[in-house]
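Q:
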Amino acid sequence: METNENGVVLAALDGGALVWRTGVRSKKQKMPEGLEQASTAECSVVSFQSDLPQPLQQAMTQFIEGHPNWDQYRLVQAALAGFLVQNGKPSREITRVYVGNMFRRESLLNGV
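Number 598 marks the last residue of the sequence shown (the working numbering); no jumps.
1. Is it right to say Q563 is buried, meaning 16 or more other beta carbons lie within 10 angstroms of its own, or is it exposed?
2. Distance, Cα to Cα, S577 vs G586?
3. Which residues in the same chain as Y584 place their Cβ atom closer than 7 Å to its Cβ, once the five residues preceding and following it in sequence are excluded?
4. The beta strand (DSSP E) that contains D537, what's its start and end?
5. Of all the alpha helix (DSSP H) runs that stay within the bounds of the segment 528-580, which reach a length of 4 or more residues?
6. Per DSSP, what kind of secondary structure is R590 in: helix, strand or coil?
7. Output yes or no for whether 8 Å exceeds the beta carbon distance between L538 and F549.
8. Under 8 Å, do N555 and R582 count as touching if we go by C-beta distance?
Here you go:
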């Protein structure tokens, strides 16, 4: 099982398959810091579990280790929102999630 410095599970072998887990978060919570300006409303957070090919998991882990302002949640949210925006999902909320994750204030200040 692989975890980061905060103890968040990044990946684990489950019956021979590489499984990525987001952790258990199902309560209502505020948007992440970078999204507060875009929306001050609370949002529901849904946890999920998904099989990932090992090269994708390794690339994700390497990216997160090389970019300390990113974590697994931000990376997956940005990737999913970016996919939906690029494939014609007409939603301001999805666009805000994408832009908010890609251009968080701390990322711009630190050049990450």
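Where is the CB? At the ideal position from N, CA and C, for every residue including glycine.
A: Short version:
1. buried
2. 14 Å
3. A564, A567, G568, V571
4. 535-537
5. 540-552, 558-572
6. coil
7. no
8. no
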